[in-house]
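First comes the structure, then the notes that go with it.
Residue numbers (the working numbering): 3 to 275.
Below is the structure:
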């Protein structure tokens, strides 16, 4: 009898654990945004594992099965998304590109398949729009927590506004500066802050000897002394140019999860390089 009583007491008075909203994102920077807004109310799965190139990544069958447990998917325009879109038909799909002023893919064949540059999270201005879209989606899906989502969004927007002002101060006087990068991931950042991105990669491939000569000549004429490399992509061409120029190589990660910290690091690197 005492066991039955204890069981009934436990069932009646045990705290109710509410299920978290299961959210899928394509790349790690989106995870940061969703968790800043959703906090403890969301469980986020990143489709592309750390260190992998989203442009060439192909999800495994096991990962696709896991992804089918999600409730919301924030896609962003990476090429692999088209492969899994048909099997995620029961999930609410939110295309984060909707309504944004997208840049054309420039020098990246994988990006060109989608017709635009997908690295929209590297623009603080566009980050605010991505965050608002996430807040609206979560509030619609989970209206009981909409006030918390709105509160978290305001704090994130304040952080982004402060960061934008800081970036402007760090890059003051550098308008028109050329940056030599192994992969053209920084188009939106350069567009926002009036910098010039020179990509070593040619349509997703290593540069030809003729193009290398052109880049070396241009880099010398503009007194470029830093080559920016990315671990997700082939760095052979970038290292070769760095040797020709006797230039420093600096690694940047456009897909780092904490996108705010990453934008600080990118700004400092571009200001100094």
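Note that beta-carbon positions come from the ideal geometry of N, C-alpha and C, so glycine has one too.
{"Asked": "Quick one: Cα of residue 16 to Cα of residue 54, how far?", "Found": "Any reading at residue 16 must be qualified, since the residue scores a pLDDT of 48, below 50, and its modelled position is unreliable; the value itself is stated next. In a straight line, the C-alpha of residue 16 is about 43 angstroms away from that of residue 54."}
{"Asked": "Which runs of the alpha helix (DSSP H), 4 residues or longer, sit entirely within the segment 168-228?", "Found": "189-195 and 211-223"}
{"Asked": "Count the C-beta pairs between the segment 194-204 and the segment 237-251 that are closer than 8 angstroms, then say yes if the count reaches three, no if not.", "Found": "yes"}
{"Asked": "Could you spell out the range, first to last residue, of the alpha helix (DSSP H) harbouring residue 64?", "Found": "63-69"}
{"Asked": "For the alpha helix (DSSP H) holding residue 44, just list the boundary residues, first then last.", "Found": "From DSSP, residue 44 is part of no alpha helix (DSSP H) but of the beta strand (DSSP E) over 44-48."}
{"Asked": "Cβ of residue 44 within 8 angstroms of Cβ of residue 23?", "Found": "yes"}
{"Asked": "Which residues bound the alpha helix (DSSP H) around residue 38?", "Found": "30-40"}
{"Asked": "Closest to residue 93 by CA distance: which of 61, 139 and 212 is it?", "Found": "139"}
{"Asked": "To the nearest angstrom, how far is it from the Cα of residue 50 to the Cα of residue 196?", "Found": "30 angstroms"}
{"Asked": "Between the Cα of residue 178 and those of 273, 26 and 58, spot the shortest distance and give me the residue it belongs to.", "Found": "273"}
{"Asked": "Ordered along the chain, which non-local residues of its own chain (more than five positions away) have a Cβ less than 6 angstroms from that of residue 30?", "Found": "48, 257 and 259"}
{"Asked": "Between the Cα of residue 250 and the Cα atoms of 83, 230 and 266, which residue gives the shortest distance?", "Found": "230"}
{"Asked": "List in chain order: all unbroken alpha helix (DSSP H) runs of 4+ residues lying wholly within the segment 81-107.", "Found": "83-86"}
{"Asked": "Heavy atom of the ligand FAD less than 7 angstroms from the Cβ of residue 150, yes or no?", "Found": "The ligand FAD is not part of this structure, which contains no ligands at all."}
{"Asked": "What residues in its chain sit with their C-beta under 8 angstroms from that of residue 247, if we drop five residues either side in the sequence?", "Found": "218, 221, 222, 226, 227 and 229"}
{"Asked": "Using three-state DSSP, classify residue 58 as helix, strand or coil.", "Found": "coil"}
{"Asked": "Whole angstroms is fine: what's the gap from residue 96's alpha carbon to residue 176's?", "Found": "37 angstroms"}
{"Asked": "Assign residue 269 to buried or exposed, taking buried as 16 or more other Cβ atoms, counted over all protein chains shown, within 10 Å of its Cβ.", "Found": "buried"}
{"Asked": "Just tell me which of 163, 66, 68 and 28 has its CA closest to the CA of residue 78.", "Found": "28"}
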